[in-house]
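So the structure is just underneath, and the comments pick up after that.
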Amino acid sequence: MKTSAWLGLFAVAAGCQAGRPPANVTVESRIQKPAPVVAAAALPGTVETKTEHDAIEGALDDREKGHPEASERALLAWLCPSAAYPPDLDTLRACPPAASAGSGTGWALLGEIAFEAGAADGNAGSRTLARGEVAYGKALAARPSRWPMEVVLYKRAFTRYRMAHYDDALTDFLAVVATAGAAGPQGGVDTTLRPEALEYAAICIAEEDWDDDGRPDSQRGFDRPSVKVRLSAGAPWVADLMVRVTESLIDEVSPDARPALQATAARFPGDPRLADLRKRAARLSP
């Protein structure tokens, strides 16, 4: 089985912006999309039954031949026989989560198919994207046989980001930051998701309109209560995150850039990156 079949999300993600892209896309354009080599067979420490293996291979074959609907139908018939096609969200949410590594891979593949279809229509409110979010969540209930867990978590994070669900996306991106690469390559698959997840976490925080009403929120950036909670945890990545948020706001020429710089400098006064941030912020209009 060609490994290219497993890289679909990254190919799509590299060519598309978020549901509501930042005013200045320089931030997103500098992010390097990872292209992990995902195993064409079960990773070490995981097992697929023959039934699971055949179902996965059949779905991948249909997808590679340009028949994602056939792939999705077959996966649903296996993983959630009670779901009609296309499944409504309530039915999909009621489906049992992954109970084995093989079914985890099946749900992850369902998530990717839905993500690609939803990303193509360019609608952040797409129900297809919502199906992808649900499917990735089902996959996370078990360690998928062909994807490291942080890859599936990243895919759900990016799906939530495309849906403009910034708070939920931030939760997932920071979980990737905390876990990706922590134990080294899993099953011979070296994921390089941490830097990108950190960058997208910063973009989520820098986004000024989380409630999607077309106006900047009254509390935004580091002042959002949920962001304050995350930054108060004392995690080792907090300095990197605050610096990246400040960089994002400067790149977007946001009026929130200077307050963000002040907050970052107050929290980490000895950070060597502050000098460059101050130079860049000085070029902003008063």
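For our numbering, add 5 to where a residue sits in the sequence shown, where the first one is 1.
No residue lacks a Cβ here, since even glycine has one placed at the ideal position from N, Cα and C.
- Leu179 and Arg98 do not touch by the CB rule: their CB atoms are close to 24 Å apart, not below 8 Å.
- Taking C-beta atoms as the reference points, Ala64 and Leu81 fail to come closer than 7 Å.
- Membership of Leu289 in any alpha helix (DSSP H) is not indicated, and neither H nor E is assigned to it by DSSP.
- Put simply, the stretch 64–74 does not touch the stretch 167–176. Fewer than three CB pairs are less than 8 Å apart.
- With contacts defined by Cβ atoms closer than 7 Å, Ser150 and Glu53 form a contacting pair.
- Inside the stretch 227–272, DSSP marks whole alpha helix (DSSP H) runs of 4 or more residues at positions 230–236, 243–256, 262–272, from first to last along the chain.
- Nearest C-alpha to Cys209 among Thr197, Gly226, Leu198: Gly226.
- The beta-carbon distance between Ile118 and Pro73, rounded to whole angstroms, is 5 Å. This is short enough to meet the 8 Å contact definition.
- Taking 7 Å as the cut-off, the Cβ atoms of Ala122 and Thr133 count as close.
- Between Arg161 and Asp177, the gap from beta carbon to beta carbon is short of 7 Å.
- Inter-residue distance for Ser105 and Pro49 is about 14 Å (C-alpha atoms, whole angstroms).
- Met154 carries a helical assignment under DSSP once its states are collapsed to helix, strand and coil.
- By the 16-neighbour rule on beta-carbons within 10 angstroms, Thr56 is exposed.
- Residue nearest to Pro260 within the set Arg288, Leu114, Ala135 is Arg288 (criterion: CA-CA distance).
- Pairing Met247 with Ser131, the inter-Cα distance amounts to about 31 Å.
- Nearest C-alpha to Pro102 among Pro91, Leu115, Tyr90: Leu115.
- Rounded to whole angstroms, Tyr90 and Leu84 show a C-alpha spacing of 13 Å.
- Linking Thr269 to Glu155 through their CA atoms gives a straight-line distance of about 28 Å.
- With contacts defined by Cβ atoms closer than 7 Å, Ala262 and Ala280 do not form a contacting pair.
- With a beta-carbon spacing of about 6 Å, Tyr141 and Thr164 fall inside the 8 Å limit used to define contacts.
- When rounded, the separation of the alpha-carbon atoms in Glu138 and Ala271 is 37 Å.
- In the same chain as Ser108, and ignoring 5 residues on each side of it, the C-beta atoms closer than 7 Å to its own belong to Glu57, Leu84, Ala147, in chain order.
- Counting along the chain, Ser223 sits inside no alpha helix (DSSP H), nor does DSSP assign it H or E at all.
- Remark: C-beta atoms of Leu175 and Ala135 do not approach each other more closely than 7 Å.
- If only complete runs of 4 or more residues are kept, the stretch 40–107 shows the alpha helix (DSSP H) at 55–69, 73–84, 94–99, in order along the chain.
- With distances taken between CA atoms, Trp112 lies nearest to Ser76 out of Ser76, Ala125, Asp126.
- As the crow flies, the alpha-carbon of Val250 is around 25 Å from that of Asn128.
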